[in-house]
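Note that UniProt numbering has the sequence shown beginning at 1, numbered continuously upward. Using N, Cα and C, we set each Cβ at its ideal position, and we do this for glycine too.
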Amino acid sequence: MEAIITIVGFLGAGKTTLLKHLTNNYINKGWDPFIILNDYENANLDVQQFTEKIDIQSVKALSGSCICCSGINELREFVNRVPERENGITLIEANGTSDACSLMGFLGVGLDKRFLPPIQISVVDVKNWQKRGMHNELEANQIQVSSMIVLTRTESTTLERRSSVIEHLKKLNPTAQVIDMSKIDATLLPQLSPSNNTAEKLDHLKAHWASCSVDLPDLPDLDCIYEICNAIPKSILRVKGCTHINSEKQFTFFERTPDGEIFIRPNSGVPTTGPKLLTVGPGSEHALLEKAIQDSLANAKNRTK
Numbered sequence: 001m002e003a004i005i006t007i008v009g010f011l012g013a014g015k016t017t018l019l020k021h022l023t024n025n026y027i028n029k030g031w032d033p034f035i036i037l038n039d040y041e042n043a044n045l046d047v048q049q050f051t052e053k054i055d056i057q058s059v060k061a062l063s064g065s066c067i068c069c070s071g072i073n074e075l076r077e078f079v080n081r082v083p084e085r086e087n088g089i090t091l092i093e094a095n096g097t098s099d100a101c102s103l104m105g106f107l108g109v110g111l112d113k114r115f116l117p118p119i120q121i122s123v124v125d126v127k128n129w130q131k132r133g134m135h136n137e138l139e140a141n142q143i144q145v146s147s148m149i150v151l152t153r154t155e156s157t158t159l160e161r162r163s164s165v166i167e168h169l170k171k172l173n174p175t176a177q178v179i180d181m182s183k184i185d186a187t188l189l190p191q192l193s194p195s196n197n198t199a200e201k202l203d204h205l206k207a208h209w210a211s212c213s214v215d216l217p218d219l220p221d222l223d224c225i226y227e228i229c230n231a232i233p234k235s236i237l238r239v240k241g242c243t244h245i246n247s248e249k250q251f252t253f254f255e256r257t258p259d260g261e262i263f264i265r266p267n268s269g270v271p272t273t274g275p276k277l278l279t280v281g282p283g284s285e286h287a288l289l290e291k292a293i294q295d296s297l298a299n300a301k302n303r304t305k
């Protein structure tokens with residue numbers, strides 16, 4: 001029977017990083033992973049990150065729906081259509097505001113009998129755990145029915161902070177295994193048992209956020225990326241995009257995490273979305289994104305005078 005591993009966690013916690021880590025591990029050990037990516041806006045933007053390792057037919061994007069409620073039937077259909085293969089494993093990355101408890105309650109119903117009951121893994125950013133203000137309740141909800149909790153950004157904080165976060169996690173979910181990402185044995189994950197925890201009910205509207213995406217033109221320099229990211233209000237917790245810089249052939253991918261850090265990296269492939277800028281969070285609007293882009297281009301012109 002094929003295992004289903006669902007990865008949940010707050011925006012920017014490191015879900016995609018964990019998914020890439022697991023994918024590489026499974027491929028190296030002779031497994032055949034199938035990946036489903038969910039996001040409110042343009043999940044296809046992340047597809048290209050995986051197609052260098054696996055066939056594009058084995059990566060599916062589910063955009064524009066909440067897989068813990070309105071999108072659960074579509075997700076179930078995606079899973080049931082996953083082709084049978086030797087040493088198969090299905091990996092699902094949920095969007096960063098998913099009500100993880102509702103997701104696990106609904107996903108296990110109606111799956112093909114060739115699948116094992118879904119296992120949930122939560123990703124926790126130790127540095128920013130429960131520093132989400134009004135979104136702390138959602139972040140805490142996301143770990144309560146997980147079989148494993150994976151810690152990220154441990155190198156960016158103190159041992160005291162790490163111990164304090166683990167203590168809090170254990171209070172919220174006493175049965176979950178808590179582990180650093182580097183110590184995960186991917187081959188053992190299918191042997192995990194689904195959590196039997198009863199989670200505190202979350203007002204589901206707290207897991208529904210605005211999102212928006214616009215086409216992004218070629219940018220003359222990297223400063224434009226920083227200007228665009230910094231021009232978008234901090235109330236918008238997720239910013240990411242890809243485009244060409246200064247007519248380079250390869251794409252450049254960037255993101256701003258909820259704590260305001262900006263990460264930029266080259267992307268050797270071609271995203272199926274084309275160049276895009278997208279945001280998730282209250283206040284995500286086309287006009288806001290377009291203004292940030294145009295202001296950055298105007299500033300770039302002034303820099304070249």
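Check: Does DSSP classify CYS68 as helix, strand or coil?; Outcome: Residue confidence is low: CYS68 scores 49 on pLDDT, short of 50, so the model does not pin down where it sits. Its coordinate-derived value is still stated next. In this structure, CYS68 counts as coil in the three-state DSSP scheme.
Check: I need the DSSP call for GLN294, collapsed to helix, strand or coil.; Outcome: helix
Check: Enumerated in chain order, which unbroken segments of the alpha helix (DSSP H) with a length of 4 residues or greater are wholly contained in the region 16-51?; Outcome: 48-51
Check: Which of helix, strand or coil does DSSP assign to ARG267?; Outcome: Note on residue identity: the sequence assigns Asn, not Arg, to residue 267. In the structure shown, ASN267 sits in a strand (DSSP, three-state: E or B).
Check: So what does DSSP say about GLU144, is it helix, strand or coil?; Outcome: Here the sequence assigns Gln to residue 144, which means Glu is not the residue at that position. If DSSP states are grouped into helix, strand and coil, GLN144 belongs with coil.
Check: Might you give, ordered along the chain, the residues of its own chain that have their beta carbon closer than 7 Å to the beta carbon of ILE166, omitting 5 neighbours on each side?; Outcome: VAL178
Check: Just mark PHE50 as buried or exposed, buried being the case when its beta carbon has 16 or more other beta carbons within 10 Å.; Outcome: buried
Check: CB GLU137 to CB ILE7, shorter than 9 Å?; Outcome: no
Check: Report, in whole angstroms, the separation of the C-beta atoms of THR279 and SER211, which I expect to be a contact under 8 Å.; Outcome: 7 Å
Check: By Cβ distance below 6 Å, which residues in the same chain neighbour LYS15 in space, the five residues on each side in sequence not counted?; Outcome: ILE7, GLY9, GLU93 and VAL123
Check: Looking at the unbroken alpha helix (DSSP H) that takes in ASP223, where does it start and where does it end?; Outcome: 222-231
Check: Tell me which same chain residues have a C-beta within less than 7 Å of the C-beta of GLY269, skipping the five on either side of it?; Outcome: GLN48, THR51 and GLU52
Check: Cα-Cα, which of ILE121, GLY110, LEU18 and ALA231 is closest to ARG81?; Outcome: GLY110
Check: Starting from residue 311, follow the alpha helix (DSSP H) in both directions and report where the run begins and ends.; Outcome: Here the chain has residues from 1 to 305 only, and residue 311 is not among them.
Check: Beta-carbon within less than 6 Å of PRO33's beta-carbon, same chain only, minus the 5 sequence neighbours each way: which residues are those?; Outcome: THR23, TYR26, ILE89 and LEU91
Check: If you count every other CB in all the chains shown that lies within 10 Å of the CB of GLY215, and 16 or more means buried, which is it?; Outcome: The question names Gly, yet the displayed sequence has Asp at residue 215. By the 10 Å Cβ count, ASP215 comes out exposed.
Check: What is the DSSP secondary structure of LEU91, counted as helix, strand or coil?; Outcome: strand
Check: Using DSSP's beta-bridge definition, name the partner residues of SER211.; Outcome: VAL280
Check: Report the residue from GLU77, GLY30 and ARG76 whose alpha carbon sits nearest the alpha carbon of ILE54.; Outcome: GLY30
Check: Would the beta-carbon of LEU18 fall within 9 Å of that of ARG238?; Outcome: no
Check: Using DSSP bridges, identify the partner residues of ARG114.; Outcome: Looking at the DSSP assignment, ARG114 forms no beta bridge with any residue, so it has no partner.
Check: Relative to the C-alpha of HIS21, which candidate in ILE245, VAL150 and GLU77 has its C-alpha closest?; Outcome: VAL150
Check: Would you report the Cα separation of LYS60 and THR243, rounded to the nearest angstrom?; Outcome: 22 Å
Check: Kindly indicate which residue of GLU139, PHE253, ILE225 and SER163 has the alpha-carbon position closest to the one of ASP180.; Outcome: SER163
Check: PHE78: buried (16+ other C-beta within 10 angstroms of its C-beta) or exposed?; Outcome: buried
Check: Would you list the residues sitting across from PHE254 in a DSSP beta bridge?; Outcome: GLY241 and ILE264
Check: Distance, Cα to Cα, LEU172 vs ILE228?; Outcome: 37 Å
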